[in-house]
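S.K.:
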Amino acid sequence: MDILQILLNGIVLGSLYACIAIGFSLVWGVLNIINMLHGSFIILGGYLTFFAWQYSGMNPVVILPIIAIILFGLGYGLQYFFINKVVMAPVLTTLTLTFGLDMILYNLMTVLFTATPRRVTLDLGTLSVGDLYLPIDRLLGMGLALLLTAILFLVMRASKIGRAIVAVRMDRQAATLMGIRVNHVYAITFGIGALMAGAAGAIFSMVFPITTNLTGTFLGKAFVICVIGGLGSVPGALIGGIALGMIESIAGYTIGPQNATTVGFVLMLILLVVRPTGIAGVKGYE
Amino acid sequence: MKQLLCFGAFALWVAMIAATPLLADNYTIRIAISVSMFSVMAVSWNFIGGFTGYPSFSTAAFFGIGCYAGAIAQRNGVPLVLAWMFATILVAVFAALLGAIILRLKGHYFAIGSIAIVELTRLITSSWGSLTGGGDGLNVPLLQGNPQEVAGLVLYVMLGILVLAFVTSVYVDRSRLGFGLKCISQNEDAANMVGVNTTAFKIVAYTLSAVFCGAVGAVYASWVGYIDPTDSFSILLTLKVPVMVLLGGAGTLLGPILGTGVFILLEEIFWANFLEWNRAILGGIIVFLIFFLPNGLLKIQYLQLYAAVSRKLSIGSSKSGAGS
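Protein chains in written order, with our numbering: chain A, 2 to 287; chain B, 377 to 700.
#1: Does the distance from the C-beta atom of A/THR50 to that of A/ALA176 stay below 9 angstroms?
#2: Look up B/ASN522 in the DSSP assignment and say whether it is helix, strand or coil.
#3: With 16 as the cutoff for other CB atoms within 10 Å, does A/ASN10 come out buried or exposed?
#4: Along the region 105-136 of chain A, where does the CB come closer than 9 angstroms to a CB of chain B? Name the residues.
#5: Let me confirm a value: B/LEU402 is counted as buried when at least 16 other C-beta atoms fall within 10 Å, else exposed. Which label applies?
#6: Listing by chain order, which chain E residues have their CB less than 9 angstroms from the CB of B/ALA487?
#7: For A/LEU14, which residues in the same chain have their Cβ closer than 7 angstroms to its Cβ, ignoring the five residues on either side in sequence?
#8: Give a yes or no on whether the minimum CB-CB distance between B/LEU634 and chain A is below 9 angstroms.
#9: Cβ of B/GLY631 within 9 angstroms of Cβ of B/LEU673?
#10: Between which two residues does the beta strand (DSSP E) harbouring A/SER129 extend?
#11: Secondary structure at A/LEU5, three-state DSSP: helix, strand or coil?
#12: Just checking: is the beta-carbon of A/LYS86 within a distance shorter than 9 angstroms of some beta-carbon in chain B?
#13: CB-CB under 6 angstroms to B/PRO517, same chain, minus the five flanking residues each way: which ones, in chain order?
#14: Taking Cβ positions, are B/SER415 and B/LEU538 nearer each other than 9 angstroms?
#15: Straight-line CA distance for A/LEU8 to B/VAL543?
#16: Tell me the DSSP bridge mates of A/SER134?
#17: Check whether chain B comes within 9 angstroms of A/ASN184, counting only Cβ atoms and requiring the distance to be less than that.
#18: Between A/MET171 and chain B, is any beta-carbon pair separated by less than 9 angstroms?
#19: Flag A/GLY101 as yes if its beta-carbon sits less than 9 angstroms from any beta-carbon of chain B, otherwise no.
#20: As a quick exercise: from B/ILE448, B/MET620 and B/VAL457, pick the residue whose alpha carbon is nearest that of B/SER506.
#21: Give the residues of chain B in contact with A/MET269, contact being defined as C-beta atoms less than 7 angstroms apart.
#22: Cβ closer than 7 angstroms: which chain A residues qualify as neighbours of B/GLU495?
#23: Please report the straight-line C-alpha distance between A/ASN36 and A/LEU65, rounded to a whole angstrom.
#24: Tell me the DSSP bridge mates of B/LEU514?
#25: Identify the residues that DSSP records as bridge partners of A/ARG119: which are they?
#26: Nearest-angstrom Cα distance between A/HIS39 and B/GLU643?
#27: Quick check: the Cα distance between B/ALA463 and B/ALA594, rounded to an integer number of angstroms?
#28: Is A/ALA252 near A/ILE226, with beta carbons less than 9 angstroms apart?
#29: So what's B/TRP460 in DSSP terms, helix, strand or just coil?
#30: Pick helix, strand or coil for A/ASP172, following the three-state DSSP scheme.
#31: Among A/ASP124, A/MET89, A/ILE70 and A/THR190, which residue has its Cα nearest to the Cα of A/SER234?
#32: Distance cutoff 9 angstroms, beta carbons only. Does A/LEU273 sit that close to anything in chain B?
#33: Cβ of A/ILE229 within 9 angstroms of Cβ of A/ILE240?
#34: With 9 angstroms as the threshold, decide whether the Cβ of B/ASN568 is near any Cβ in chain A.
#35: How should B/VAL600 be labelled, buried or exposed, when 16 other C-beta atoms within 10 angstroms of its C-beta is the threshold for buried?
#36: For a test of the three-state rule: what should DSSP assign to A/ALA90, helix, strand or coil?
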């Protein structure tokens, strides 16, 4: 296979990965919580998109914003009513709590939807330029993922709520004194995390078949990308995502696809020990 | 006095489990084995998670390596007991080397790193087909004897490991090591300043949290006769063990054992009655635990609770009395 084709696959995969990890990174960076629910949010978004597409026949690109808003509501509620109560507790508590919530959500999904792999089939054909081949649905997925990333970047930079989130991340107490309702901001942050996960799931369902068994895989990818890119920043997650996409693509070609994920985890452990702030990240939280 | 009570309760509990092969049916023996096995892992986790306060989620990696090391050794002709010992030593060495690397991390990074270890060991086991049989799993030579005898043997070996782990934890709790670990849990920098060799202490605690898991892993593999990567290196297992300890009371001697007993009991009830929903119910238990029992069953002030409840009840009854 041509080296250009490998790199192209890497970039396409990487932008999807970035979309997966951004919400996770935001929640970790701002709330200081390792969100074990993230993988299930992604699958939930994907399944909801699939069923909406199947029953209404609408274009999944139109369905995506609706799904994203539903996931935002779910995330907001979970944070506001449950996780906010223990948000200052040590990592063992918060991680265990989100894992408990994840078990409930996972069980609901397997009972309601069953674990059959499902995929939105768009049949858009394949684009070929010279020797390079690229299915158009993947291109669309990449475009959507990058668009969402850009929107989130703008929201964090330019909007009032984005500034409030950054303020809370920098100094929780000072933000409270400035009149920011921290609990509300936390819930919105978690909601945005869920929204991005749901949107990523919707995009994934157009590109790959999804099933509930993939929750752990997606969560693992989010871990690796966050460590590569650093925490709580949109560009960091983008860099981390594309880096992981490239690494997996190259590793899949050179040492076999079954080892690609292993390479990601090994890299992550090395980075954790030698440079825990990530390649692009600022100093994170402990 | 309190210590004596603690040992008494433990001895009684062990005696009860040990009596099951004489009194109860195979189903109960199976539960007894699983209680002893998880108790060992919970007591082990308590070294690093309870005493030292490091949120380690790598229990399943140690358990899984124990399973595979024992199984592979036996398949290559190593006698049973030697294979179990080999697995235990291998896991201890692995944990010591690994601990030297990942114990530099703290808090969230340590948690993520330790979960990644489980994923990584699972992935390597799956793809190293020539040694581990890959995703097809591995058949382990069966133990000699009829099912009743095998179950009894496994139970007593597990119980033996449990007693060993518990005695170690009592010893650690009273020794200089345990004192140092508790210092690290409260403030690692301060502990370092006053002369606790934090690195060495943490590595010892991490190794202790691994070694017994490796042993029960090897015994488990011989008991079930078949192991595969997803079962041996399960993320669910790695999170269940800390939950058991939290349920009983982290950092206490008896907490892990109490927590495991209660958890397995609840799990059995839900497995039996709500097969489809058992995972959600376990999740619900975790959520309940975090909100209402953050310090575990052992640290509840039962007398105060009783007083509060009886006060509430008497107010309630006097109110209803006034109403009528």
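Note that the Cβ used here is the ideal one computed from N, Cα and C, for glycine as well.
M.R.: Taking the definition as stated:
#1: Within the first sequence, residue 50 of chain A is the residue found at index 49, counting from 1. Within the first sequence, residue 176 of chain A is the residue found at index 175, counting from 1. Not a contact, by the Cβ cut-off of 9 angstroms.
#2: Along the second sequence, read from residue 1 onward, the residue named residue 522 of chain B stands at position 146. Of the three classes helix, strand and coil, the one that applies to B/ASN522 here is coil, per DSSP.
#3: Working through the first sequence from its first residue, we reach residue 10 of chain A at position 9. With 16 or more Cβ atoms within 10 Å of its Cβ, A/ASN10 is classed as buried.
#4: ILE105, LEU106, TYR107, ASN108, LEU109, THR111 and VAL112
#5: For the purposes of this step, residue 402 of chain B is identified with residue 26 of the second sequence, where counting begins at 1. Contrary to the premise, residue 402 of chain B reads as Asn rather than Leu in this sequence. Exposed.
#6: Included in the structure are the protein chains A and B, with no chain E among them.
#7: Translated into the one-based positions of the first sequence, residue 14 of chain A becomes position 13. GLY246, GLU249 and SER250, listed in sequence order.
#8: In the second sequence, counting from the first residue as 1, residue 634 of chain B sits at position 258. No, its Cβ sits nowhere closer than 9 angstroms to a Cβ of chain A.
#9: As a first step, residue 631 of chain B must be located in the second sequence, where it is residue number 255. As a first step, residue 673 of chain B must be located in the second sequence, where it is residue number 297. Yes. Within cutoff.
#10: Numbered from 1 along the first sequence, position 128 holds the residue referred to as residue 129 of chain A. Where A/SER129 is concerned, the enclosing beta strand (DSSP E) stretches over 127-130.
#11: Taking the first sequence and counting its residues from 1, the one referred to as residue 5 of chain A is at position 4. Three-state DSSP puts A/LEU5 in a helix.
#12: In the first sequence, counting from the first residue as 1, residue 86 of chain A sits at position 85. True, the Cβ-Cβ gap to chain B drops below 9 angstroms.
#13: Translated into the one-based positions of the second sequence, residue 517 of chain B becomes position 141. Excluding sequence neighbours, B/PRO517 sits near GLN450.
#14: As a position in the second sequence, residue 415 of chain B is number 39, starting the count at 1. As a position in the second sequence, residue 538 of chain B is number 162, starting the count at 1. Yes, the pair counts as a contact, with Cβ atoms nearer than the cut-off.
#15: On the first sequence, position 7 is the one that residue 8 of chain A refers to. On the second sequence, position 167 is the one that residue 543 of chain B refers to. The alpha-carbon atoms of A/LEU8 and B/VAL543 are separated by roughly 56 angstroms.
#16: Translated into positions along the first sequence, residue 134 of chain A becomes position 133. As written in the sequence, residue 134 of chain A is Tyr, which differs from the Ser given in the question. A/TYR134 pairs with A/SER129.
#17: Position 183 of the first sequence, counted from the start, is the residue given in the question as residue 184 of chain A. Not one chain B Cβ lies under 9 angstroms of A/ASN184.
#18: Translated into positions along the first sequence, residue 171 of chain A becomes position 170. Chain B, which has no Cβ nearer than 9 angstroms to the Cβ of A/MET171, makes this no.
#19: Counting from 1 along the first sequence, the entry for residue 101 of chain A is found at position 100. So, interface residue.
#20: Against the second sequence, residue 506 of chain B aligns to sequence position 130. Cα-wise, what sits closest to B/SER506 is B/ILE448.
#21: The sequence position of residue 269 of chain A within the first sequence is 268, counting from 1. The contacting residues are ALA492.
#22: Along the second sequence, read from residue 1 onward, the residue named residue 495 of chain B stands at position 119. Neighbours of B/GLU495 on chain A, chain order: GLY221 and PHE266.
#23: The residue given as residue 36 of chain A occupies position 35 in the first sequence. The residue given as residue 65 of chain A occupies position 64 in the first sequence. Distance between the alpha carbons of A/ASN36 and A/LEU65 is about 22 angstroms.
#24: Numbered from its first residue, the second sequence carries residue 514 of chain B at position 138. Looking at the DSSP assignment, B/LEU514 forms a beta bridge with B/ILE603.
#25: Your numbering for residue 119 of chain A matches position 118 in the first sequence. DSSP output for A/ARG119 lists A/ILE211 as bridge partner(s).
#26: On the first sequence, residue 39 of chain A is found 38 positions in, with the first residue counted as 1. On the second sequence, residue 643 of chain B is found 267 positions in, with the first residue counted as 1. For A/HIS39 and B/GLU643, the distance between alpha carbons rounds to 25 angstroms.
#27: Here residue 463 of chain B corresponds to residue number 87 of the second sequence, with the count starting at 1. Here residue 594 of chain B corresponds to residue number 218 of the second sequence, with the count starting at 1. Looking at the two C-alpha atoms, the distance is approximately 6 angstroms.
#28: Your numbering for residue 252 of chain A matches position 251 in the first sequence. Your numbering for residue 226 of chain A matches position 225 in the first sequence. No. Outside cutoff.
#29: Working through the second sequence from its first residue, we reach residue 460 of chain B at position 84. In the structure shown, B/TRP460 sits in a helix (DSSP, three-state: H, G or I).
#30: Working through the first sequence from its first residue, we reach residue 172 of chain A at position 171. Looking at A/ASP172 - three-state DSSP - the assignment turns out to be coil, as it is neither helix nor strand.
#31: To locate residue 234 of chain A, count along the first sequence from 1; it is residue 233. The residue with the shortest Cα to Cα distance from A/SER234 is A/THR190.
#32: To locate residue 273 of chain A, count along the first sequence from 1; it is residue 272. Chain B contact via Cβ: present.
#33: Here residue 229 of chain A refers to the residue found at position 228 of the first sequence. Here residue 240 of chain A refers to the residue found at position 239 of the first sequence. Result yes, Cβ atoms of A/ILE229 and A/ILE240 sit closer than 9 angstroms.
#34: Stepping through the second sequence from its first residue, residue 568 of chain B is reached at position 192. Judged by the 9 angstroms Cβ criterion, B/ASN568 is not in contact with chain A.
#35: By 1-based counting over the second sequence, the position of residue 600 of chain B is 224. So B/VAL600 counts as exposed.
#36: Within the first sequence, the letter at position 89 stands for residue 90 of chain A. Note: A/ALA90 maps to coil in three-state DSSP.
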